[in-house]
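Visitor: Residue numbers 35 to 282, in our numbering, belong to the letters of the sequence shown in order.
First the structure, which I've put down as structure tokens, then a few questions once you've had a look.
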Amino acid sequence: MSSWNALQEELKLWAQSGQVPTMWWRDDDAQQDSSNLRKLSQLSLDYQLPLHLAVIPKGVSSDLQNVFADNSRIMALQHGYNHNNYAAIGKRKCELGDDRPITKVIQPLTSGLAQLSHLLGQAFAPVLVPPWNRLSTKIPPCLADLGFVGLSTLGPRSDRLLCGLTQVNVHIDIIDWKQRRFAGETRALEQMIHHLSARRLGLVDADEATGLMTHHLAHDSECWVFCQQLFEFLQAYPVNWLSAEELF
Ligand SMILES: [Zn+2]
Numbered sequence: 035m036s037s038w039n040a041l042q043e044e045l046k047l048w049a050q051s052g053q054v055p056t057m058w059w060r061d062d063d064a065q066q067d068s069s070n071l072r073k074l075s076q077l078s079l080d081y082q083l084p085l086h087l088a089v090i091p092k093g094v095s096s097d098l099q100n101v102f103a104d105n106s107r108i109m110a111l112q113h114g115y116n117h118n119n120y121a122a123i124g125k126r127k128c129e130l131g132d133d134r135p136i137t138k139v140i141q142p143l144t145s146g147l148a149q150l151s152h153l154l155g156q157a158f159a160p161v162l163v164p165p166w167n168r169l170s171t172k173i174p175p176c177l178a179d180l181g182f183v184g185l186s187t188l189g190p191r192s193d194r195l196l197c198g199l200t201q202v203n204v205h206i207d208i209i210d211w212k213q214r215r216f217a218g219e220t221r222a223l224e225q226m227i228h229h230l231s232a233r234r235l236g237l238v239d240a241d242e243a244t245g246l247m248t249h250h251l252a253h254d255s256e257c258w259v260f261c262q263q264l265f266e267f268l269q270a271y272p273v274n275w276l277s278a279e280e281l282f
């Protein structure tokens, strides 16, 4: 059975159980307007999908405002502060880890939050997306006081609420980072089917929307083709793509 057929089967099982799968879309590493970002925005416009853009505050360009002005379905989230790696050599990359004193981590997050809300206003939701999808356990307890309402990393969430923040993660990474290219239909769709079936069977939080993660600046042509094929394919099914307002 092809991966597309397997996805079709999974969606049929959802339909048989009388449920509509929820999904959401997060794209990371935006800092400025670019042709790739415009391509991404066009997909959101073509398929009428809410698009959540994790924006890096440091060095963010004011031309990003134009992208938001042209597509009201885009909402910005905060992607750390500078996307620098502070982890020791040999350790997994991390901006918001235990490698620096907590105040050194928190202060930039606070200024990043102010920067993005000033630049993007209502198009910004105070949701933290840690670079590389990881952060120190010391950070979440500080975030609500800073004004954050949500947190988004990778993999099924353990709980909906964490230290007063709503957690909504992503579950499908379409890129093979070692090769820095499209992960392939099989791997991309397997991740999706895996999360959908785990939700349906109650093995993970069934209420967590299945999250598609993309990285517009790292897309090769196959990534773009896959995104379009997936959105096209899902149009035939009752899938509910959620917006930041509904998610967080
Ligand atoms: Zn990133």
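Each residue gets a CB set at the ideal place from its N, CA and C atoms; glycine is no exception.
Just to confirm the assignment: which complete alpha helix (DSSP H) runs, minimum length 4, are found wholly within the region 78–122?
Guide: 98–104
Visitor: Shorter than 7 Å, the distance from the beta carbon of residue 117 to the closest heavy atom of ligand 1, or not?
Guide: yes
Visitor: Around the C-beta of residue 58, are 16 or more other C-beta atoms found within 10 angstroms, so that it is buried, or is it exposed?
Guide: So residue 58 counts as buried.
Visitor: Run through DSSP, which three-state label would residue 35 get?
Guide: Coil, per DSSP.
Visitor: Under DSSP, the beta strand (DSSP E) around residue 201 begins and ends at which residues?
Guide: Segment 199–201, the beta strand (DSSP E) holding residue 201.
Visitor: Can at least three beta-carbon pairs, one atom from the region 71–90 and one from the region 36–50, be found at a separation below 8 Å?
Guide: no
Visitor: Put residue 171 into one of helix, strand or coil per three-state DSSP.
Guide: Here residue 171 sits in coil by DSSP.
Visitor: Per DSSP, residue 234 forms a beta bridge with which residues?
Guide: Answer is none; residue 234 lacks a bridge partner.
Visitor: When the Cα atoms are used, what is the spatial distance from residue 81 to residue 60?
Guide: 15 Å
Visitor: If distances are taken between C-alpha atoms only, which option among 199, 215, 238 and 213 comes closest to residue 205?
Guide: 238
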